[in-house]
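K.L.:
First residue of the first sequence? That's 7 in this note's numbering, and the numbers climb one at a time after it. Yeah, the Cβ is synthetic: ideal placement off N, Cα and C, and Gly gets one too. In this text the structure is predicted, and so the values were computed from the model without any measurement.
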Amino acid sequence: MSKPEGVEISSVDGMNNERIADAFDEVADLLEFTGSNPFRVRAYRNAGRNIRGLPQSLRDAVDRGEDLTQIEGIGDDLAGKIVSLATSGRLEMLEELRARIPEGVMALLRIPGVGPKKAALLFKELGIRSLDELKTACEQGRVRELKGFGKKTEEGILKGIDVAAQANQRMFWSEADEIAHALRLHMRACSPMEQLEFAGSYRRGKETVGDLDMLVVSSDIAAVMDRFAAFPGISTVIGRGETKMSVRLDSGLQIDLRVVPRESYGAALQYFTGSKEHNVIVRGMAKQAGMKINEYGVFRVEGERETYVAGASEAEVYATLGLPLFPPEMREARQEFDWARQGELPRLIELADLRGDLHMHTTATDGAASIEQMVAAARQRGLEYIAITDHSQRVSMARGLDATRVLAQWTEIDRIRRDLDESFVLLKGIECDILEKGGMDLPDDVLAQADWVLASVHYGQRQSRSEITERILGALDNPYVTAIAHPTGRLLNQREPYEVDLEAVFQRAKERGKILELNANPHRLDLNDLHCATARQLGIPIVISTDAHSVNGLDVMRYGILQARRAGLTREDVINTRPWSELRKFLRRP
DNA sequence: GCCGTTTTCGGCCCGACTGTTTTCAGTCG
C-alpha cells in the first residue's frame with residue numbers, strides 16, 4: 007500500500023509543471039470522491055490543464071517571485087499551493103486526502119455505472135477498498151442491500167469489474183480508426199441514413215481513444231439501431247433508448263450511437279466532438295449572449311420562449327457566437343478562444359505540407375527494406391527527400407552501425423544519388439545513440455560527414471532525472487547533432503517517459519538552434535501535443551518523422567500530423583515542410 | 001476554487017438514460 011515516502015510527492019528538484027499539474031489532478035480525483043463541490047473539483051482540473059500548457063517553468067516563476075494569479079484559472083489559493091509544491095515538493099491537502107482514502111478505492115470509479123457517490127457508499131458502508139473486495143461483496147449479495155443499490159446494480163457492477171481491471175488501457179487512435187472505418191462500411195447497408203460521422207476524442211485526433219461516438223441523421227431510428235446491433239464483435243448492448251444506444255465490443259471498446267434530426271446535425275456534432283472543457287466555454291458564451299446551446303441546436307432565450315436559431319452545421323453553430331469553425335483537433339480549451347478573439351487562428355499543418363521524412367531504417371540494421379526500396383516508396387508517396395538514419399553501434403540488438411559500416415553506407419548512398427534525378431534528394435543520416443555515461447556513440451569526425459544527425463536514448467532509460475537530462479543536454483551541445491529523436495522515450499500504454507527535465511531540454515535546444523522530433527509512430531507520438539505546443543511558443547522547430555522500419559512504416563505520418571494539429575502547429579513550425587535546399591541552410595553546421 | 005461590460009457574491013453547460021424510485025439521484029458524455 008502506501009510506502010513510507012508515499013506522502014512526499016517528489017523531490018523539489020523534480021517539481022516541474024507536469025508534476026504540479028499531476029498533483030492538482032490527483033486532488034481533483036480525490037475531492038470528487040469525497041463528494042466535494044463539483045465546481046471546486048473543476049477548478050483543480052482546470053488549473054492542472056492550464057499549467058500543462060504553460061511555456062514557462064512555474065518553478066522559475068516562483069523563484070523570481072512572479073504573480074501566479076496572472077495565470078488563467080489560478081487564484082490566491084492555488085497560487086499558494088503552487089508555491090508549496092515548487093519549494094517543498096509537498097502539498098499538505100493532498101497528503102491529508104491520500105491518508106483518508108485508500109489507493110484501491112479510486113479504482114472503483116473505473117467501473118461503468120459507478121461514480122463518486124456509489125464508490126463512497128461502498129467504501130463507507132461495506133469498507134470496500136479494492137476491486138477484489140467489491141467482487142466478493144457482490145457475490146455474497148451484500149451490495150444489493152445498500153440504499154440506492156439493487157439486484158441489477160449489483161449484477162452490473164460484477165460485470166463491470168473486469169472492464170475496470172483493463173479500463174486504464176485506452177485504444178490507440180490508429181486502432182480506433184480501423185474500427186470506425188469498419189463500422190462506417192457496416193452501417194452503409196442502412197438505407198434511410200442521411201449522415202454518419204464519428205465525434206468524440208477520435209474526431210479530435212487524440213493519441214488514444216476511450217470510446218467511439220457515432221452520430222447519425224435518419225428518419226428511421228429503429229432501423230439504424232437494429233443495424234448497429236448487428237455489428238460483428240458486440241458483446242453487450244449497454245442501453246437502448248429513443249435516440250441513444252450504447253454497446254460494448256468484445257475488445258472492451260464502448261461505442262455510443264446518437265440519432266438526431268437533420269436540423270440538429272451540426273449542433274450534435276459540435277456537442278459530441280467536445281472536448282467537454284471546450285463546450286463548457288462555448289455554452290457559457292451562449293448564455294451570456296442570451297442564447298442556449300444543446301445537442302439540438304442554438305436557441306434564443308426570451309423568458310420562457312426558446313426559438314431555434316441554428317444547428318444544421320457546425321459552422322453556423324459557432325457563427326452565432328461570432329466564432330470561427332475550429333478544427334476538431336483544436337477544441338481542448340487551451341488557446342483556441344484567445345486565437346479566435348485576436349482573429350489569429352493558426353492554419354494547421356496538413357499531410358500534404360510535408361516534403362520529406364528524416365528518420366527511417368533499412369536492412370543495414372533493423373529495417374525490412376533496402377535503401378533503394380525506401381527511396382522508391384518515399385517517391386511514390388510524393389516526398390522530395392529522405393534521410394536514411396540507421397542505428398549506431400550501441401544498439402547491438404539491431405546490429406547498429408560502427409564508424410566503418412556507416413561510412414560504407416554513406417558511400418553507397420553517394421552511388422545511389424548519382425542515379426537519382428534532381429527532383430529527389432537522398433540524405434546521409436544516422437540515429438546516433440547518446441551513451442549511458444554521456445557523449446555520442448560515434449566520433450565527431452564521422453558525424454561531421456553526415457547531412458542529418460539524430461541523437462537518441464535507447465539504453466539507461468531508467469536513470470535519474472539529472473543523469474538522463476545531462477545526457478540529452480550534452481547531445482544538444484554537440485555541434486553535429488541536428489535533432490533529438492523521440493525525446494521522452496514514452497510508449498503509449500506501455501512505457502513511461504524518461505525522467506528527463508524537458509524544460510531544460512527546451513531551453514538548451516533553443517539556445518543551440520536544435521530541432522526536436524515528433525515521432526509519428528502511433529505507439530510513440532513523442533513529443534506529445536502539449537510538448538509540441540510549448541516548443542511552438544518557444545520558437546523551437548519540430549521535425550515530424552515516421553521512424554519507418556519498412557516501406558509501409560512510411561504511412562504512419564498521418565498520425566504525427568494529427569498530433570501536430572492538436573498542438574496547433576502550422577507548416578511554418580515544422581521543419582520538414584521546407585524543401586531540402588532551404589532546410590539545409592537553416593541547419594547550423596560548423 | 002475561480003471569476004467579474006449582469007463585479008466581491010452567486011453563479012459556474014446541458015440532456016439522455018438507468019435503476020430504484022413513486023418524483024428523482026446518479027452516472028455519463
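#1: Compare the C-alpha of THR540 against each of LEU524, PRO528, HIS555 and name the closest.
#2: What are the start and end residues of each continuous beta strand (DSSP E) run of 3 or more residues lying completely inside the stretch 414–460, in chain order?
#3: Taking just the CA atoms, how far does SER429 sit from SER587?
#4: Assuming HIS492 and ASP535 are in contact, meaning their beta carbons sit under 8 Å apart, how far apart are those beta carbons, in whole angstroms?
#5: In three-state DSSP terms, what is ILE15?
#6: Would you identify the three-state DSSP class for PHE178, choosing helix, strand or coil?
#7: Taking C-alpha atoms, which residue in ASP183, HIS367, LYS157 lies nearest to ASN564?
#8: Judging by CA-CA distance, which residue of THR410, TYR391, ILE26, PRO485 is the nearest neighbour of LEU460?
#9: Would you please state the rounded distance, in angstroms, between the beta carbons of LEU364 and VAL549? I believe it to be under 8 Å.
#10: Let's test the definition: count the other Cβ atoms within 10 Å of the Cβ of MET220 and tell me whether it reaches 16, buried, or not, exposed.
#11: If you draw a straight line from the alpha carbon of LEU357 to that of ARG209, how long is it in whole angstroms?
#12: How about ALA339 and HIS284: do their beta carbons lie closer than 7 Å?
#13: Here's the rule: buried if 16 or more other CB atoms are within 10 angstroms of the residue's CB, otherwise exposed. What is ASN43?
#14: If you follow the alpha helix (DSSP H) that TYR271 is part of, which residue opens it and which one closes it?
#15: Where does GLY41 land, buried or exposed, given buried means 16+ other C-beta within 10 angstroms?
#16: Given a cut-off of 7 Å, decide if ALA375 and VAL557 are closer than it, judged by their beta-carbon atoms.
#17: Determine the direct distance from the alpha carbon of LEU432 to that of SER462, and round the result to whole angstroms.
#18: So does the stretch 347–361 actually touch the stretch 297–304, counting three or more Cβ pairs closer than 8 Å?
#19: Identify every run of the beta strand (DSSP E) within the stretch 185–228, keeping only runs that are complete inside it and at least 3 residues long; order them along the chain.
#20: Closer than 6 Å by C-beta to ARG405: which residues in its own chain qualify, once you throw out the five before and the five after it? Chain order, please.
#21: Less than 8 Å between C-beta atoms, sequence neighbours within five positions excluded: which residues of the same chain meet that for LEU426?
#22: Could you tell me the alpha carbon to alpha carbon distance between VAL180 and PRO528, rounded to whole angstroms?
#23: Buried or exposed, going by whether 16 or more other CB atoms sit within 10 Å of the CB of PRO547?
#24: In chain order, what residues of the same chain have a beta carbon less than 8 Å from the beta carbon of ALA316, not counting five sequence neighbours either side?
#25: Which residues bound the alpha helix (DSSP H) around LEU54?
#26: Report the three-state DSSP secondary structure of LEU37 (helix, strand or coil).
#27: Checking 7 Å against the spacing of the C-beta atoms, do ALA27 and ARG58 come in under that value?
#28: Does ASN499 pass the burial test, meaning 16 or more other C-beta atoms within 10 Å, or should it be called exposed?
#29: Measuring alpha carbon to alpha carbon, tell me which of PRO108, MET446, ALA53 ends up nearest GLY86.
#30: Any idea if ALA414 is buried or exposed, counting beta-carbon neighbours within 10 angstroms, 16 or more meaning buried?
#31: Are there 16 or more other CB atoms within 10 angstroms of the CB of GLU350, so buried, or fewer, so exposed?
#32: Tell me, which residues are paired with GLY303 by DSSP?
#33: With H, G and I counted as helix, E and B as strand and the rest as coil, what does DSSP make of GLU308?
#34: Whole angstroms is fine: what's the gap from GLN386's alpha carbon to THR552's?
#35: Taking the alpha-carbon positions, what's the PRO585 to ALA292 distance?
#36: When the Cα atoms are used, what is the spatial distance from LYS141 to ASP226?
P.N.:
Well, looking at it:
#1: LEU524
#2: 431–439
#3: 11 Å
#4: Contact flag wrong, Cβ pair sits at about 15 Å.
#5: Caution is warranted here: a pLDDT of 44 is assigned to ILE15, below 50, making its placement in the model unreliable, and the coordinate value is therefore given only provisionally. ILE15: coil per DSSP, three-state reduction.
#6: strand
#7: The amino acid at residue 564 is misidentified as Asn; the sequence shows Arg. Nearest C-alpha to ARG564: ASP183.
#8: PRO485
#9: 6 Å
#10: buried
#11: 16 Å
#12: yes
#13: exposed
#14: 271–279
#15: exposed
#16: yes
#17: 21 Å
#18: no
#19: 199–204, 217–224
#20: THR371
#21: VAL381, LEU432
#22: The sequence as given places Ser at residue 180; Val does not occur at that position. The straight-line gap from Cα to Cα measures roughly 7 Å.
#23: buried
#24: GLY272, ALA273, GLY303, VAL304, GLU322, VAL323, ALA325, THR326
#25: One point to set straight first is that residue 54 is Gly, not Leu, in the sequence displayed. 44–58 is the span of the alpha helix (DSSP H), which, as asked, contains GLY54.
#26: helix
#27: yes
#28: exposed
#29: ALA53
#30: exposed
#31: exposed
#32: ASN300
#33: strand
#34: 15 Å
#35: 45 Å
#36: 41 Å
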